[in-house]
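Here is the structure we will look at.
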Amino acid sequence: MMILLMLAAAAVAEQDAPPAPPATEIGNTPAPAPPEDHAADALFDPAEMARAREILRKENGGLISRSVMFNLAEYQARARSDGYRWEGAARFGGDLQKLVIKSEGEGELGGALEDAEVQLLYSLAIAPYFDLQAGVRYDIKPNPSRTYVVVGIEGIAPFWFDVDAQLFLSNKGDVLARLEGYYDQRITQRLIAQPRAELNLAAQDVRENGIGSGFSDLELGLRVRYEIKPEFAPYIGVEWVRQFGDTARFARAASEDASVTNFIVGVHFWF
Amino acid sequence: MKNVIVDRRAVLKTAGLAGGAAAFASYLPAWAHDATGLTPPMESVSGEEIALKLAHATFGLNGKAGHALTVNGTMPGPIIRLKEGQSVRLAVTNALAEDSSIHWHGILLPFNMDGVPGISFPGIKPGQTYNYDFKVQQAGTYWYHSHSNMQDAMGMFGAIIVDPAKPDPVRYDREHVIILSDWGAMHPHAMLKKLKIEGAYFNRQKQTLAGLTKGKDQSLSDRLMWGAMRMDPTDISDVSAPAYTYLINGHDSAANWTGLFTKGERIRLRIINASSMSNFNVRIPSLPMTVVQADGIDIRPVEVDEFQIGIAETYDVIVMPPAEQAYGFIAEAINRSGLCRATLAPRLGMVASVPPLRERPLLGMKDMGMGMGDMAGMDHGSMAGMDHSMMSHGDMKMDHGAMNMKMRDPSVAPQVKMGPGVATLSPEAEDRSGDRPTGLEKLDHRVLTYRQLVALEPNADSRVPSRELDIHLTANMERYMWSFDGVKFSDRAEPLSFRQNERVRVNLINHTMMPHPIHMHGHFFELVNGNPGNQPSKHTVNVLPGGKISFDLTADALGDWAFHCHMLFHMHTGMFRVVTVRKEDDQA
C-alpha cells in the first residue's frame, strides 16, 4: 500500500514537475585564484581608481571612533565633610586597537583634592568581549605622587558584568592591584540600577600613601540612574567603603574613619 | 529628454487635499504626493536621455528640520520609467560638495555603469556629470540609490519601473509605486558613532525587571541563560523608532500618502524597501495581497495576508478592494518600534485607521542557530516563535559554560577567521527558506515565505553547480563589527572570484542574531528553495538569524561587482566584498 502511494505520488510529481536538472552531485571544482587586476582600471584612470578604492576600503569597516564616558561624576554627602568624585575614560581608535585615557579621583568640597590619577593605555581587543590594556598611571594626588606601569584586562563578563582588573607596579617598586565590576540592571527602559564593587589590593604597605598590604579596601555601591537620554543620566545612590588591616590602621592614625557610608548624587554621561 | 519639474503651487494644493504636511511638500515629487487621480501612469522621467541632479535640501518632518540629499530636488527622487529593450543615457550631475554616485539596483548592465565608486568607476566628483549608458534587458520593479558614503540613508533613492516588451503576464488596471524608507533627524554617521560606543543604543524595547515582575518576555531562567551568553533576545534592529520616522513615498502616517482606486479594479502595488536599516512587515488589514513579482522577476501568484520585505527587496502585489472604503497600507518595522500607514481609498481625504503596534517579538533558540532538527514532532513554523520555557528543561538544559563553548566552536565554520570581531558561530545553522521571517512566526494569518516563491518562467540555466561556496555572515554586536568570514572589507579582504559563466552554489550562513539582506550586484541568483527548475531569481536575499540560505549563481557578467549586506551600517562597518568575474584564460 505504502509503495503504491509512493509510486502514485512520484507519478503526480513527474507530471507537474518542471524540467528538472540532471540529478547529479554538485562538483568540487576549485575556485579560481583572485585576479590581480581591477576591471575598471582598463576603462578609467588607474590612479583615480586607486584613490576611489582606498576610500571604499576605509568606508567599509575602517571607521575610527572616539568617545568620552563618565560612569561616575558625583557629589558625595559624607559623615564628615562632603566631597566629589569622578571616574571616566576617553577612547580613540579603530575596532581592535585604541588609545584609552582613564581618570578617577575624589576630593573634599571646597577643600583639597584627595586622590587623582590619570592612566594612558594602549588597548588591544584580544577576545570578543575583552581588551588587554597596558600603559602608565600617574597619581597627581596623594603626595608623594607615584608613577606606575599598568597592565589590565577590561571587558564584559558573562551575564553582562562590566569588569576591569588592573595590576600596577610603581617607580618605587610597589605592587598594587584593583578589581572593579558593575552591572546595569534595567528596571524600566529608562531607569537603571547599577550595583558596583571595587577592591584594592597591595603586595606591601605603602605607608606614606596610607596603603596597607593585603586587601586594602572594599567599596560597594548602588546607584540608580534615569536616562533622560542614554548619554545623560542623573543618578542617586549610596556607597559603603571599608578599609582593612594596615590601611584601616593608617586611616585611624590619621583620625579618619576606616568605614564610611556616603550618599550620592551624580550624572552618568558620555559623548 | 523629459524631466519632471515640480510645480510648487500644484503640489501645495494637493497637499491640502491630502490632509497636511505642506511644510515639506516641496521636497516630495509630484507622483509621491498622492494619487494623480484616475489617469495612470504617474509622473515620471522617461525616454532615452534622462538628466538627474544630486543636491542638498532641508527636509522637515514633525517640526524637526533635517538635512536631506535629493535626486532632482525631491525625496524619493523621480520614478525612472523605462521600456524593456530600449537604450538609455542617465546623465547624473553631482551638485553636492562631496563625491557621489547612483547605483541602479537590480538592473543588468555593464560593470562600469553599475555606479559603485572604487569598483565600477571612480565616482562622480562635485560639479561633474557621469553618463550611464546601457540597454535595458529586463522588465519589472527596481530602484536606484547613491552608493557613496551612506548618502542613500539621507534620501537619495527612487524607483525604476521597466515595462515589459511583451504583454505583461500581470494583469492590472492601475498601479501605485510604494517606497518604504526610514528617516532619521540624526545624521547616519552620528548614528553609527553611537552604535560603536553602545551597540544597543537605539533599542528602547529591552527586557526589564518591571517586565519580569509582570510576567512579560522571557522567564528568569531564560534571561539568565541568555545573559550568560551575553545575548539579547530583543536585539532585532540596530536602529529603531523614535530615532527613525518611517515613511511611505516620503510621507509619515499623519501625512497619509493616499493611492486611489475604483471598486473592482485590480491594483498593482510596486513595493520597494529603500530603507537604510529597516526591514518591514507589510499588510493591508482586511485586504489580501497576491504577490506576483519579487525583485522584479515574475513569480506564480501567491495570496498572502502579510509579508516581510528586507531592505533593497521589491515585491509587486495585486489587490482588489471589494468595497468603497479606505484601506490602510501598513509598513511596520520588524522590531515593532514604529510603523507607517498609507491609505488606499476611492477618494482623496479618506483615512484608514492606524492599527496599534503589535507586541515586540523576541528572538529564540533557532535565531541563535541552535538547530531544531532533534526536536521531533515540532512544526518549524510554530517552533521558530518559540516557547522559551521548554528550552529550560530536559535535554536542552546545559550548563552555561558548555553553552558558551557551543556558540563559538570554530570547527562549525573553519574558513572563518576567528578574532574579536566574531562573537558567535551558529552551531547548527539550518536552511530557513521555508521559515516565516523574524517576528511573524506565530501569526494566525498567511505570511509569505521564500519557499512560496516559484518563478513564472523556467530557469534558463539548468546545470548542476560545478562548485560550492560558503560565505559566513559574522559579527560582534557589542563592538558593532560586521563582516563576512570574520574579515572586514577594510582589512583588505580578498575578492570572491568567479569564472565567467560558471555555475556556483553559494551558501550564506548567518552566525548573527539579526536578519541580513544580502545583495549581489550585476547578477540575479536563484534561491534554492525547493522549487527546482523554477527557482526564483533575486538580487537581494534576506538571510534569517542563525540560519542558512543557498542560491545558485551563473556568473555571467564580466567585471568587478559589489557584494554586501544592505543594512547600510553593516556594510559600512565591514560586511562588504568585491566579486570578480573573469574569462577562464584571464585567471591567474
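Chains as they are written, first to last, in the numbering used here: chain A, 1183 to 1453; chain B, 14 to 601.
Glycine included, each C-beta is placed from N, C-alpha and C at the ideal position.
For residue i, does the three-state DSSP call read helix, strand or coil?
| i | result |
| --- | --- |
| R1273(A) | strand |
| A617(B) | What is shown of chain B runs 14 to 601, which leaves residue 617(B) out entirely. |
| H534(B) | coil |
| T142(B) | strand |
| G1363(A) | strand |
| L8(B) | There is simply no residue 8(B) to check, as chain B begins at 14 and stops at 601 in what is shown. |
| K77(B) | strand |
| W495(B) | strand |
| P314(B) | strand |
| T1429(A) | helix |
| L504(B) | Before going on, a small fix: residue 504(B) reads as Asp here, not Leu. Residue state, collapsed to three classes: helix. |
| P1416(A) | strand |
| T275(B) | coil |
| K561(B) | strand |
| K551(B) | strand |
| H529(B) | strand |
| Y1408(A) | strand |
Report buried or exposed for residue i, applying the criterion of at least 16 other Cβ atoms within 10 angstroms of its Cβ.
| i | result |
| --- | --- |
| D1227(A) | exposed |
| S550(B) | buried |
| N489(B) | buried |
| A365(B) | buried |
| Q1279(A) | exposed |
| P368(B) | exposed |
| R445(B) | buried |
| D273(B) | First, the amino acid is wrong: residue 273(B) is Leu here, not Asp. The residue in question, L273(B), is buried, as its Cβ has 16 or more Cβ neighbours within 10 Å. |
| T154(B) | buried |
| D598(B) | exposed |
| T271(B) | buried |
| K685(B) | Because chain B in this structure spans residues 14 to 601, residue 685(B) falls outside the shown range and cannot be described. |
| N216(B) | buried |
| E1256(A) | buried |
| D1277(A) | buried |
| E1438(A) | exposed |
Excluding the 5 residues flanking residue i on each side, which residues of the same chain have their C-beta closer than 7 angstroms to its C-beta?
| i | result |
| --- | --- |
| L453(B) | N294, E319, Q321, V460 |
| K227(B) | none |
| G1419(A) | G1403, L1404, R1405, V1406, I1446 |
Here's a check: name, in chain order, each residue in its chain whose Cβ is nearer than 6 angstroms to the Cβ of residue i, leaving out the five neighbours to either side.
| i | result |
| --- | --- |
| Q465(B) | V315 |
| A1385(A) | V1357 |
| L1381(A) | L1361, L1400 |
| W117(B) | Y157 |
| A1339(A) | V1345 |
Our contact map puts residue i next to residue j with C-beta atoms below 8 angstroms; I'd like the distance itself, whole angstroms only.
| i | j | result |
| --- | --- | --- |
| K561(B) | A426(B) | Contact doesn't hold; Cβ gap of about 11 angstroms is too wide. |
| V190(B) | I92(B) | 6 angstroms |
| S100(B) | N107(B) | Wrong, their Cβ atoms sit about 23 angstroms apart, outside the cutoff. |
| T380(B) | M580(B) | Checking the sequence shown, residue 380(B) turns out to be Asp, not Thr. Actually they do not touch by this definition, with Cβ atoms about 16 angstroms apart. |
| A1379(A) | L1402(A) | 5 angstroms |
| T247(B) | L361(B) | Their Cβ separation, rounded to whole angstroms, is 40 angstroms, which puts T247(B) and L361(B) out of contact at 8 angstroms. |
| H532(B) | H577(B) | 6 angstroms |
| E1296(A) | E1290(A) | 6 angstroms |
| N162(B) | E1241(A) | 6 angstroms |
| R1319(A) | Y1304(A) | The pair is not a contact, with the Cβ atoms about 13 angstroms apart (cut-off 8 angstroms). |
| A339(B) | T356(B) | 5 angstroms |
| F511(B) | P1214(A) | 7 angstroms |
| Y257(B) | G197(B) | 5 angstroms |
| I312(B) | Q306(B) | 6 angstroms |
| L1245(A) | L486(B) | Not confirmed; about 19 angstroms, so no contact. |
So, for residue i: in the same chain, excluding its five sequence neighbours on each side, which residues have a beta-carbon less than 8 angstroms away from its beta-carbon?
| i | result |
| --- | --- |
| D400(B) | Confidence at D400(B) is low in this model, with a pLDDT of 44, below 50, so the placement of that residue is unreliable and no value is reported for it. |
Check the Cβ-Cβ distances between residue i and every residue of chain C, and say whether any is below 8 angstroms.
| i | result |
| --- | --- |
| N520(B) | In the displayed structure, chain C is absent; the protein chains listed are A and B. |
Item to complete: With 9 angstroms as the limit, tell me which residues of the segment 161-176 of chain B have their beta carbon closer than that to any beta carbon of chain A; keep them in chain order.
Response: S161, N162, M163
Item to complete: Give, in chain order, every residue of the segment 249-282 of chain B whose Cβ lies closer than 7 angstroms to some Cβ of chain A.
Response: none
Worksheet item: If you measure beta-carbon to beta-carbon, which residues of the segment 1246-1260 of chain A are closer than 7 angstroms to chain B?
Response: S1247, S1249
Worksheet item: Using a beta-carbon distance cut-off of less than 7 angstroms, what residues from the segment 1275-1287 of chain A approach chain B?
Response: D1277, L1278
Worksheet item: Quick one, which residues of the segment 1367-1379 of chain A are near chain B if we go by CB-CB under 7 angstroms, in chain order?
Response: Q1367, R1368, I1369, T1370, Q1371
Discussion item. Against chain A, which members of the segment 129-144 of chain B pass a CB distance test of less than 7 angstroms?
Written reply: P130, G131, I132, S133, F134, P135, G136
Worksheet item: What residues from the segment 427-445 of chain B come within 9 angstroms of chain A, judged by C-beta to C-beta, listed N to C?
Response: G432, P433, G434, V435, A436, T437
Discussion item. Which residues of the segment 1337-1367 of chain A have a Cβ closer than 7 angstroms to any Cβ of chain B? Give them in chain order.
Written reply: I1338, P1340, F1341, W1342, Q1367
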